[in-house]
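Quick notes on the structure that follows.
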Amino acid sequence: QIMPWYKPANFYFLCIAVLQSISAISTTQGKPTILMPLLFVVGVTMIKDWIEDSKRRQQDRDANEAMYKVWRRGAWVDVQAQNILVGDFVLIKE
7 QIMPWYKPAN
17 FYFLCIAVLQ
27 SISAISTTQG
37 KPTILMPLLF
47 VVGVTMIKDW
57 IEDSKRRQQD
67 RDANEAMYKV
77 WRRGAWVDVQ
87 AQNILVGDFV
97 LIKE
């Protein structure tokens, strides 16, 4: 979920860029000079968030595929974490 515009500072500078585009009230003759730095910051934020989400997705996949011993039908069986059911007895080793 990439939504950098919901950060208050980014939204504020976006509003300033829109106001700078109106030449009648702008001190920059209608050129939104704040837009390029804002797009750079938002772009870097989006890339950073994407990288963090990719790492988190891989960690989740690794955790879900981890094998555990579960007591089922009178014996300990190896089960992936994603297949552990409510009420299963899980063997814990330290």
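Just so you know, my numbering puts the end of the sequence shown at 100, numbered straight through with nothing missing.
All C-beta atoms, glycine included, are put in the ideal place defined by N, C-alpha and C.
Bear in mind the structure is a predicted one, so any value in this text is a computation, not a measurement.
* **Of the listed residues 51, 41 and 32, nearest to residue 12 (C-alpha basis)** => 51
* Asked: Cα separation between residue 64 and residue 96?
  -> 24 Å
* Asked: Thinking C-beta only, is residue 92 closer than 7 Å to residue 83?
  -> Their beta carbons are not under 7 Å apart, which means residue 83 does not touch residue 92 by this criterion.
* Residues in its own chain within less than 8 Å of residue 44 by CB, not counting five upstream and five downstream? -> 16, 19, 20 and 23
* Please say whether residue 26 and residue 14 have beta carbons closer to each other than 7 Å? => no
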